[in-house]
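S.K.: If you count by UniProt numbering, then the sequence shown holds residues 1 to 114, one letter each, in order. Think of the CB as a built atom: it goes at the ideal place given N, C-alpha and C, for glycine as much as any other residue. Here the structure is a predicted model, which is why all the values come from computation and not from measurement.
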Amino acid sequence: MDSDCIFCQIVAGDIPANVVAETDDAIAFLDANPLAPGHTLVIPKEHYHRLNDVPDDVAAEVLGLVHEVVPAVEAAVDAPATTVAFNNGEEAGQEVPHVHGHIVPRSGDDGQRP
Ligand code: 5GP
Ligand code: ZN
């Protein structure tokens, strides 16, 4: 755990979050500043800065949780589609230095991008 990391603090329960689902090594929770209702983040529980740093087995578990949560998010907010994206590195717009995937409900003409 990186005690300065906001997402590590969420995993530890030190910062509250609306948890959507979790496995042993990954957790999904609602984004605090959603691009659309239902905007969800999926992260490994262990602190890794970028996808490049994540071991194969943890990457598989994170993607498995994305796969599980996408239909649940779409159903929860009645969205016909979702954008799934990782901003991988600061130059790509990554602001929180703990790997996270965005699941953003889309409606076709909403103009949103994560
Ligand atoms: P990034 O720009 O790093 O890809 O996305 C970071 C995301 O984390 C943003 O969508 C932002 O709203 C979200 N976020 C930042 N701080 C918190 C927090 O304390 N709790 C939650 N649930 N989301 C956060
Ligand atoms: Zn962290």
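With contact counted as at least three CB pairs below 8 Å, one residue from each stretch, are the region 65 to 76 and the region 7 to 16 in contact?
M.R.: The region 65 to 76 is not in contact with the region 7 to 16.
S.K.: Measuring from the CB of Asp-31, is there a heavy atom of the ligand 5GP at a distance below 8 Å?
M.R.: Flag set: Cβ of Asp-31 near the ligand 5GP.
S.K.: Would Pro-103 and Val-62 be called neighbours here (beta carbons separated by less than 9 Å)?
M.R.: Reading off the sequence shown, one finds Ile at residue 103, where the question assumed Pro. In this structure, Val-62 does not lie closer than 9 Å to Ile-103 by Cβ.
S.K.: Going by Cα to Cα distance, which pick from Asp-25, Glu-95, Asn-88 and Ala-81 is closest to Ser-107?
M.R.: Taking only the C-alpha atoms, the option nearest Ser-107 is Ala-81.
S.K.: Given this structure, state the Cα-to-Cα distance separating Thr-23 from Leu-65, to the nearest angstrom.
M.R.: Each residue's alpha carbon lies about 8 Å from the other.
S.K.: Can you tell me the Cα-Cα spacing of Glu-46 and Val-77, whole angstroms?
M.R.: Spanning the two alpha carbons is a distance of roughly 29 Å.
S.K.: Cβ of His-49 versus every heavy atom of the ligand 5GP: is any distance shorter than 8 Å?
M.R.: No.
S.K.: Starting from Pro-71, trace the beta strand (DSSP E) in both directions and tell me its first and last residue.
M.R.: Element bounds for Pro-71: not the beta strand (DSSP E) but the alpha helix (DSSP H), 56 to 77.
S.K.: Please find out if some non-hydrogen atom of the ligand 5GP comes closer than 8 Å to the beta-carbon of Glu-95.
M.R.: True, at least one ligand heavy atom lies under 8 Å from that Cβ.
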